Amino acid sequence: MATVLRRSPALVLSAAATVAIALVMPTPASAQSEVSGWFTGYAMGNRYGAFGVEVTDGMFANHTPQDCPGDPAAYWAVGSSITLVSPSPIVEHDAWGATTYYESLTVEDSGDPSCSQGNYWADVYFGRFKLATEPCDCPGSPSPGYCIDDQAGYTGNACNDATNFGRAWATYWSPP
Amino acid sequence: MRSQQRVRALAIALGVLSLSAAFVSTRAVAHGSGGTQRVLPVASALEAARPVTLNEALALAKAAFNGDILSAQSVNATERDGIGGRASAWNVTLATAQREVTELRIQDGAVVRAVATSRERGAPLPAAADTDTDIAYKRAIGAGLQPGMGKAPGYVYEFQSRDGAAMLSVLGSSNGTPARVDLDPRSGALRGRYRLVPTSLGGVMFSADGGETWSATDLRGSVFAITNSEPVAALIEEPDALRVSRSDDGSHWTTTAVLPSAIGRHAFTLRGTPTHELLLGATTGLWRSQDGGLTWSNDGLFTDPVQYIEIARTGASVALVLSVAAGQVGAYLIPSQGPARQLADHAVRLSALRDGRVALIDETSRTAGIVDAAGDMRPLRVPSHTLRVSGDDSLLYAATPEAVFTSKDRGNTWTVSLLENNASLAVTRSGVAVVGGFRTGVYVSDSDGNAWKRTVTTASTIIPGSNEIWSVVSLSLGVLAIQGGMRAWQPF
């Protein structure tokens, strides 16, 4: 007899890598849930993101309920933070070449309106620094964007950081 | 949805796939000597929990940590947040040391979390706004701002340095579009009103040779959907309306109609039927046009967000398959004659196959199936994280966002064919596979996926846009691909 397709319990992914972290980890509140989705990276682009905030390191974009009503993460409010499980931390730089290791990220932008990247997708922002001679241009971002020239002899490029990050299947704690 | 009782259930359970996550990439990152986010202890013994204004949030932050205010933002959880200028949660950022900022979360009148990050600091702001958010709220209401900015309920408040000057912004909506009102935090004077609207970037690319060479068409802007069969039509999101354009040759497009406001401001998909009917999936449900897009109607059967629509064709039988993403969530099959049938009790992604059947993919349970126009469905094993399927039983293609796989045994086994970020997939009538990249151009294979050729490296060299190929469709007149558009804040 034919039946309506009903969901089986969600699979639990095992973390493929663990990292020894010498700091106090944020403790997810009980209302948080561990979820998984694809992470990609972007850089440069508009100074102010889809929700009016100046986009900086430590922020990310995800879907909106209008574009992707089937993605539970699309309903997380702007300003909400997620806590990374794997990969964690995510390494980012600034225009001086200083390195920051992010174990939590805040949603302040939106993207992928065609929902092509699946539920719980997050686009991690890698900054807007570059050499003065390089274009302020990065795939996925409006071009030319708003950029900051490298300082103090640093020769990094935020778009290269985003490209090198590439893509990762990520596990993380949702906002409370 | 009102018609729930009218939809009869008849479906076959889909098989659970269990392929290994061979291409799941995780990366371990070693710690160096640079800055790390540090969680700081907070003393949160404060008054009775209640929503607070911006200035109250700033005072709480300054009481907890010494430092210059860099930014503040309300984080809304309910529709009550922001009403009257108060919100239950705020993010406040302070400059607490040289090249260090501390990000505070204030929840219900207490500092509940503090994270110090070593990074570049922005310009400091006043420790308080002369115009607090209770006044800003009234100003925003007076400026016509409505609640709900698309990514949070209620009214969101942001206090930051904007282009070198302190600015207090109230975010909500205007005519169904995210909008914001900028105020001078000292005088409360209106500094501007902005809406987040689609730009002129993006558009449709055309290939007459199976994806080998591409050219720009004259259809530009945020094209959200395109039909994958005749009649050839496209859906464009404009600042104040949705528009349908038609084409006879794929290269030249003419506007058919601006869609009625009853359809709403957001639509997901557009499909053509063998009887040349146009079907539109929108936040307001399933809409039909029998005159090429000039007029539209919704028969009331589906009034919740219809995110995916495909047409199943088996011999002379035709059925509509659709997926509803909210409200009466589920997948449904509507035959040309007879009652609708429920195929799944949850939202699925739909892909049209070359043989006229439709693939259903549930990315949460990682199950999939293929249904024909009669409603007969068989399970389909697909690689983990599959979101798109194309081809037919002789050669199936499945795509995760990271890779394209092929199967020559009806999905029993899969082989990695292309390891590249992708956003869309189609197989032409001559068997050429065309993959639209996610910021990676376009790839084509005329060898059953054995070899791929990158025919477009940067889609913006053809049409300026996001370089995300939102959709690829194969038609008798050629292959069409949507170069993604973008949204930006514009005054209104």
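In order, the protein sequence lines correspond to chains A and B. Per the working numbering, residue 1 is the first one in the first sequence, and the count goes up by one each step. Per the working numbering, residue 1001 is the first one in the second sequence, and the count goes up by one each step. C-beta: ideal position from N, C-alpha, C; glycine also. Note that the structure is predicted; figures quoted are calculated from it, not measured.
Please classify residue i as buried or exposed, where buried requires at least 16 neighbouring CB atoms within 10 angstroms.
| i | result |
| --- | --- |
| D57(A) | buried |
| Q1490(B) | exposed |
| A1399(B) | buried |
| E34(A) | exposed |
| D1372(B) | buried |
| E1363(B) | buried |
| A1165(B) | exposed |
| R1006(B) | Caution applies to R1006(B), whose pLDDT of 29 falls short of 50 and renders its modelled position unreliable; the model cannot decide the point. |
| P1274(B) | exposed |
| G111(A) | buried |
| Q177(A) | Residue 177(A) is absent from the structure shown; chain A starts at 1 and stops at 176. |
| T100(A) | buried |
Determine the extent of the alpha helix (DSSP H) in which residue i is found, giving its start and end residues.
| i | result |
| --- | --- |
| L1301(B) | L1301(B) -> no alpha helix (DSSP H), and no H or E assigned at all. |
| G995(B) | Residue 995(B) lies beyond the residue range present for chain B, which begins at 1001 and ends at 1492; the question has no answer from this structure. |
| N164(A) | 158-165 |
Assign residue i to one of three DSSP states: helix, strand, or coil.
| i | result |
| --- | --- |
| T1413(B) | coil |
| D1291(B) | coil |
| E1402(B) | coil |
| V124(A) | strand |
| S1390(B) | strand |
| L1054(B) | helix |
| P72(A) | helix |
| S1000(B) | With chain B running from 1001 to 1492 in the structure shown, residue 1000(B) is simply not present. |
| A1459(B) | helix |
| G1478(B) | strand |
| G1084(B) | helix |
| K130(A) | strand |
Kindly indicate which residue of the options has the alpha-carbon position closest to the one of residue i.
| i | options | result |
| --- | --- | --- |
| G1436(B) | K1408(B), F1302(B), R1354(B), G1210(B) | G1210(B) |
| Q1146(B) | A1097(B), D1081(B), Q1098(B) | D1081(B) |
| S1365(B) | V1348(B), S1169(B), A1326(B), D1372(B) | V1348(B) |
| S1317(B) | I1309(B), L1333(B), T1303(B), V1329(B) | L1333(B) |
| V55(A) | P113(A), Q151(A), R167(A), A158(A) | A158(A) |
| D1299(B) | D1446(B), S1289(B), G1272(B), G1144(B) | S1289(B) |
| V1404(B) | S1394(B), D1393(B), V1181(B), S1417(B) | S1417(B) |
| S1407(B) | D1448(B), Q1037(B), S1424(B), P1379(B) | D1448(B) |
| S1222(B) | A1234(B), E1212(B), A1064(B) | A1234(B) |
| T163(A) | G1485(B), W1214(B), F1492(B), F1438(B) | F1438(B) |
| P72(A) | R128(A), N119(A), D137(A), H93(A) | N119(A) |
| L1201(B) | W38(A), G140(A), C136(A) | G140(A) |
| L1322(B) | T1314(B), T1269(B), E1212(B), T1199(B) | T1269(B) |
| G1375(B) | Q1328(B), D1392(B), I1311(B) | I1311(B) |
| Y172(A) | G111(A), Y125(A), Y102(A), A132(A) | Y102(A) |
| D1184(B) | S1161(B), T1227(B), T1256(B) | S1161(B) |
| A1089(B) | N1055(B), F1492(B), A1128(B) | N1055(B) |
| G166(A) | I90(A), V78(A), I82(A) | I90(A) |
| T1314(B) | D1345(B), A1344(B), R1357(B), P1124(B) | R1357(B) |
| S1394(B) | L1196(B), H1385(B), P1401(B), G1411(B) | G1411(B) |
| R1378(B) | A1344(B), P1339(B), E1402(B) | A1344(B) |
Quick check: the Cα distance between residue i and residue j, rounded to an integer number of angstroms?
| i | j | result |
| --- | --- | --- |
| P1126(B) | V1092(B) | 13 Å |
| W121(A) | F1224(B) | 19 Å |
| T1117(B) | T1413(B) | 47 Å |
| L1422(B) | Q1337(B) | In the sequence as presented, Leu is not what sits at residue 1422(B); that position holds Asn. Using only the alpha carbons, I get a separation of about 37 Å. |
| P1178(B) | N1450(B) | 45 Å |
| A168(A) | S36(A) | 10 Å |
| P1085(B) | E1158(B) | This sequence places Gly at residue 1085(B); Pro is not what is there. Approximately 11 Å, taken between the alpha carbons. |
| V1472(B) | A1325(B) | 22 Å |
| V1258(B) | G70(A) | 26 Å |
| R1038(B) | M1149(B) | 32 Å |
| A1140(B) | K1151(B) | 18 Å |
| D1182(B) | G1142(B) | 13 Å |
| L1280(B) | Y75(A) | 24 Å |
| G1154(B) | V1170(B) | 10 Å |
| N1066(B) | G41(A) | 33 Å |
| Q1483(B) | P1239(B) | 18 Å |
| C147(A) | A1072(B) | 23 Å |
| D1134(B) | T1053(B) | 7 Å |
Going by DSSP, what residue range makes up the beta strand (DSSP E) through residue i?
| i | result |
| --- | --- |
| F39(A) | 34-42 |
| Q1307(B) | 1306-1314 |
| E1158(B) | 1156-1162 |
| F51(A) | First-last for F51(A): undefined, no H or E at that position. |
| M1149(B) | That residue, M1149(B), is in no beta strand (DSSP E); it is neither H nor E in DSSP. |
| P1335(B) | 1330-1335 |
| Y146(A) | Note, Y146(A): premise wrong, no beta strand (DSSP E); not H, not E. |
Exercise. Quick one: which residues of the stretch 98-117 of chain A get their C-beta closer than 9 Å to a C-beta of chain E? List them in chain order.
Key: Note that chain E does not occur in the displayed structure, where the protein chains are A and B.
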